[in-house]
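Trainee:
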Amino acid sequence: MEARPNLKTHISYHSYAGTILYPWGGSEEDVPDQKDKQAFIQIATEMGRLTGYHPEKSSDMYVATGDSCDWAYAARKVLAFTFELEGRGFYPGAAIITSAVEKNVKAAVYLLSVTDNPYKVIN
Numbered sequence: 000m001e002a003r004p005n006l007k008t009h010i011s012y013h014s015y016a017g018t019i020l021y022p023w024g025g026s027e028e029d030v031p032d033q034k035d036k037q038a039f040i041q042i043a044t045e046m047g048r049l050t051g052y053h054p055e056k057s058s059d060m061y062v063a064t065g066d067s068c069d070w071a072y073a074a075r076k077v078l079a080f081t082f083e084l085e086g087r088g089f090y091p092g093a094a095i096i097t098s099a100v101e102k103n104v105k106a107a108v109y110l111l112s113v114t115d116n117p118y119k120v121i122n
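Going by numbering that gives the first Met the number 0, 12 is the number at position 13 of the sequence shown; the sequence numbering is gapless.
(1) In the DSSP assignment, the beta strand (DSSP E) including L123 goes from what residue to what residue?
(2) Under a Cβ-count criterion, where at least 16 other Cβ atoms within 10 Å of its own Cβ denotes burial, should D69 be classed as buried or exposed?
(3) Take M60 as the anchor and find which of G17, Y118 and K119 has the nearest alpha-carbon.
(4) For S11, which of helix, strand or coil comes out of DSSP?
(5) Assign G88 to one of two classes, buried (16 or more other C-beta atoms within 10 Å of its C-beta) or exposed (fewer than that).
Quick look at the structure:
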């Protein structure tokens, strides 16, 4: 992120809950900025629609510190999301690569399409 000071959005891919997560993961609190909160919710909801994944605040699943999305938002106000890919465990293997890409590419392209101004998604 130091090399990309204009970065506005971020995706981190993990396995295996079939969810789209946004900050905070290390606290049950909501992000303090209401505009950011609404952007997180709107963007995650649309990406959830595109993938079939359930959008939620990370800590709604369980509280865990050290998340890169929490850091990206806290350090730079980057709207950062974790995609928990569907699968059968934490090490799904190469066999799911094609299906994971097919399922997730539209959501990634959507995030790119709003990256210039993520707040335009707020109703």
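Here a beta-carbon is modelled for each residue, glycine too, at the ideal position from N, C-alpha and C. Source: prediction; values computed, not measured.
Mentor: Well, looking at it:
(1) The displayed coordinates of the chain run from 0 to 122. Any statement about residue 123 would go beyond what the structure contains.
(2) So D69 ends up on the buried side.
(3) G17
(4) strand
(5) Counting of Cβ neighbours within 10 angstroms places G88 among the exposed residues, the total staying below 16.
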